[in-house]
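In what follows, a single structure is set out as structure tokens and then discussed.
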Amino acid sequence: MSEPLPALPPVRAPVGATPTVRRRLALQRSRPLLIRAYALLLGEAGLAGPIARRRAARFAVRSLPALVTVAVGALVALRGFESAAGWAQVAAMAVLAVALGALVWRRVARAAAGEQAGYREQLELGSLFVVAAYAVAQSASFGHAESAFQPVVYLVMAFLVAFLAPGVGAGLVALAVTLEALLWAGRGARVAELPEAVVHAGFVTVFAVLYYAVLAGQVAASRRDERLAIERRMKEIDHLARAFRLSVAAPDDAQDPAERERRWSEGAVIEVEAAVGGALEVAVAALRCHTCALFWLSEDEKTLTLLDCRSPSEAVGREPLPAGEGPLGGAVRRRSPVRLHGEVKAVSYYADGTRPKALLAAPLVDPRGGHVRGVVLVDRMEPTPFTEAEEKLLVTLAAEILRAVGAERLMKDVRQTRAEVDRFYRSIERLNRTRKLSEVYDALVGVASEMVTVDFAAVALRDEVDPSKVRVVRVAGGEGERTGAAGLDDLEFAMGDGCLVSSAIKIDDVLPVNALDPAKTRVFGAVCLRGLASLKIFPLKVGERSIGALVVGAKRAGAYGRDAVQQLLVISMHAAQSIDRARLFDQTERLATTDGLTGLTNHRTFQERLDAHLGQAQRYGKRTSLLLCDIDHFKSVNDTYGHPVGDQVLRGVARTLARAARGTDVVARYGGEEFAIVMPETDTGGAMVIAERIREKVGQLVFETEQGPLKVTLSLGVATFPDDGGQKPALIERADACLYHAKRHGRNQSVSAASLRAPRRAAV
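Shown next as structure tokens:
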């Protein structure tokens, strides 16, 4: 769409004599055409207007490097630089220099602004350098082959490949090879000169590839060295964190627990290192010593390791020293400062055997428990002994170092306690959110695994109907056959069989009290567990009654200390309440959806599920059959044998219906002695097969009564959606009509709506 023309200026009425006015009117009539032409050509949006000129200027500037490259490259290919320097060569060199200077200046400016060079910019700059190198090499002598500056091309190519992107470097190599081919063609394409051209092109390629490979190798080596240095530093930080006892498990809500722990330990170590470094600097300044060093005692108290040092000597060793030898060992054993003067002979921390003339060592004694954590040491090379005041100063500095470590350790303890409390409350909240029994079992096993080391876990519950039986309801871990855990699912055993689980439930206490071998002790009935060095069984108590037990095991000995036992005991109490609530919820849901006498789906739930199955059948174009059945002469059963026998008959028929139906069918008590079955994805033929099977099974039932054996029969009616009814009321009505047709025509038979339609069609 063209841009709108500018509005015309208002035309003023001409003033003056008549001839003048007439002349001005003629001029005014022609002005609109001139204005339109001016706007079309030189207006703001005209063909040659400011916008078009700016666009043309930008295009020319952006195209300048490519044009210069093509022009100079063509001149090189035509051997224009081999002759004596003329105005064409000078002009080409000048243009090339200006273009290179402009691109380099622009790149420097953009680099200062933090911009990265794009592929186009790199390709333009590299192409100009390549043609410039060829121009210089060609103009150095008459004849390109004899040019003494030909190596300049190879060096420039290596330089460009090193600093530009790999894709750009490959493009520049292709440009150089193309120029070599054009030069050979420009000299007449003589076969005798082809090897020389191939050699030049090969040198260009080899220089580029070799330099790139060497550079890539150096970069890889540098990165490897840097990575190794970082790994060494991280290992050192990790070692110091363990030495200072600053490691702590990260909270579970951390986005990356391992990374969070690493960063926290690193920060704590840096803080301790800063405090230690400051204390050593103070000691050097105040005590005028030659060497001031901090040695840390290992956890087994057998070695001392240098952690930090201030000394002009390079001979202070980093190797661990025996903690029981020399003045350092004396400070550790005595737990008090050691002062020596004269030539100290038993010094092992100098690798070259240097013997100081005075030495003072002060142990770092932890006030919590009196354990020695390390030794801070100062020495002199002059025979000037350390005074008692200097000893007190060093003891104070040792206490300051220990205080810094203790402060970070206290922060670690606070953080660990907070993480444990958070994890504990989240575990309880997770248990409280569960509704179903399976969810409670999974949550209990998961929570126990999060809080302590768990290689095996199981939940066993007392049977609700028969409390003298215990059943394993959930098993996790255990590696099956290797631990004997295979086959534990749904294992049932008696409460009084003397195994650990039944004993823990019976006495309402944690077992075992003392360490024992699970492989030689019955844990679940007659089952023992192999491969576990630690085992604990926690009773699940609700009020004063135990409803089951939580069993946890670990391969590591001593995995369940006092704190772990207390945590799992509290978790077990909450889990027992969650199990009790889930059972109550399950019972409530079962009462709301099942018939109390027969245990089948009740009438309300049957209607809801029939609606759902019919909707699904309509949506996917499937058939669904409905079966209604009624116990024949059931009123006479109640009248003759009594209602308890009638209830027994109802329960027996209900069990038969449930067993004969498929897993996808819905079996319900429709009302009184009437039952219903919804059979999804079943046509009339399949439904009649099931109906006949049910009728035969019920006919085989025998109920023992005081009046003697009792047998009953069923009448059944079958209707199929959508053949016999496109809506639920019509389908139920058709099935009910079939049922009563069976009753009116002899009972103990199955009738389908399709069979009733057939005689009607025959009569028609």
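Here the sequence shown is numbered in the numbering used here, starting from 542 and rising by one per residue.
Glycine residues also receive a C-beta, built at the ideal position from the N, C-alpha and C atoms.
Note that the structure is predicted; figures quoted are calculated from it, not measured.
Check                                                                                                                                                                     : Outcome
Mind checking who residue 1196 pairs with in its DSSP beta bridge?                                                                                                        : DSSP lists no partner for residue 1196.
Please state the DSSP three-state secondary structure of residue 1292.                                                                                                    : strand
What is the residue span of the beta strand (DSSP E) that residue 997 lies within?                                                                                        : 997-1003
Decide if the segment 1112-1124 is in contact with the segment 1067-1075; the criterion is three or more beta carbon pairs, one per stretch, under 8 Å apart.             : no
For the candidate residues 754, 1218, 833, 1012, whose alpha-carbon lies nearest to that of residue 1065?                                                                 : 1012
Any idea if residue 1207 is buried or exposed, counting beta-carbon neighbours within 10 angstroms, 16 or more meaning buried?                                            : buried
Pick helix, strand or coil for residue 1217, following the three-state DSSP scheme.                                                                                       : strand
Quick one: grab the DSSP three-state call for residue 836.                                                                                                                : strand
For the candidate residues 1246, 1202, 1261, whose alpha-carbon lies nearest to that of residue 1233?                                                                     : 1202
Just how far apart, CA to CA, sit residue 715 and residue 812?                                                                                                            : 56 Å
May I have the straight-line CA-CA distance separating residue 796 from residue 964, to the nearest angstrom?                                                             : With a pLDDT of 46 at residue 796, under the threshold of 50, the modelled position of this residue cannot be trusted, and the question is left open.
Taking the alpha carbon of residue 658 as the reference point, which residue from 706, 1127, 942 has its own alpha carbon closest?                                        : 706
In chain order, what residues of the same chain have a beta carbon less than 6 Å from the beta carbon of residue 1199, not counting five sequence neighbours either side? : 1208
Quick check on residue 1169: does DSSP put it in helix, strand or coil?                                                                                                   : strand
Decide if the segment 1239-1250 is in contact with the segment 1174-1194; the criterion is three or more beta carbon pairs, one per stretch, under 8 Å apart.             : yes
Which ranges would you report for the beta strand (DSSP E) in the segment 869-947 if only whole runs of at least 3 residues count?                                        : 879-882, 899-906, 913-921
Check whether the Cβ atoms of residue 866 and residue 889 sit closer than 8 Å, and answer yes or no.                                                                      : yes
Considering Cα atoms alone, identify which of 721, 701, 1028, 894 is closest to residue 1384.                                                                             : Coverage of the chain is limited to positions 542 through 1305, which leaves residue 1384 absent and any answer about it impossible.
Whole-angstrom Cβ separation of residue 903 and residue 935, contact assumed at under 8 Å?                                                                                : 5 Å
Buried or exposed, going by whether 16 or more other CB atoms sit within 10 Å of the CB of residue 644?                                                                   : buried
Would you report the Cα separation of residue 1145 and residue 1119, rounded to the nearest angstrom?                                                                     : 29 Å
Under the three-state reduction of DSSP, which class applies to residue 793: helix, strand or coil?                                                                       : Because residue 793 carries a pLDDT of 43, less than 50, the predicted location of this residue cannot be relied on, and the following value inherits that uncertainty. If DSSP states are grouped into helix, strand and coil, residue 793 belongs with coil.
Determine the DSSP secondary structure at residue 1077, reduced to helix, strand or coil.                                                                                 : strand
Counting C-beta neighbours from all protein chains within 10 Å, is the total for residue 1125 16 or more, i.e. buried, or is it exposed?                                  : exposed
Can you give me the start and stop residues for the alpha helix (DSSP H) that residue 1206 sits inside?                                                                   : First-last for residue 1206: undefined, no H or E at that position.
Within 8 Å (strictly less), CB to CB, does residue 1246 reach chain C?                                                                                                    : In the structure shown, chain C does not exist; there is a single protein chain.
Is it buried or exposed for residue 1287, if we count other Cβ within 10 angstroms and need 16 for buried?                                                                : exposed
So residue 1139 packs on residue 1217, CB below 8 Å; how close in whole Å?                                                                                                : At roughly 12 Å, the Cβ-Cβ gap does not stay under 8 Å, so residue 1139 and residue 1217 are not in contact.
Need the endpoints of the beta strand (DSSP E) that residue 1092 sits in, please.                                                                                         : 1086-1095
Going by C-alpha distance, which of 1229, 1100, 1031 is nearest residue 1056?                                                                                             : 1100
Classify residue 1157 as buried or exposed, calling it buried when 16 or more other Cβ atoms lie within 10 Å of its own Cβ.                                               : exposed
Could you tell me if residue 928 is buried or exposed, where buried requires 16 or more neighbouring beta carbons within 10 angstroms of its beta carbon?                 : exposed
Could you check which residue in 1067, 824, 1274, 1177 has the C-alpha nearest to that of residue 1034?                                                                   : 1067
Compute the distance between the beta-carbons of residue 848 and residue 905, then report whether it is under 8 Å.                                                        : no
Going by alpha carbons, who is nearest to residue 1370 out of 611, 1080, 1213, 1036?                                                                                      : Nothing about residue 1370 can be read from this structure; the chain reaches only from 542 to 1305.
Please state whether DSSP places residue 763 in a helix, a strand or coil.                                                                                                : helix
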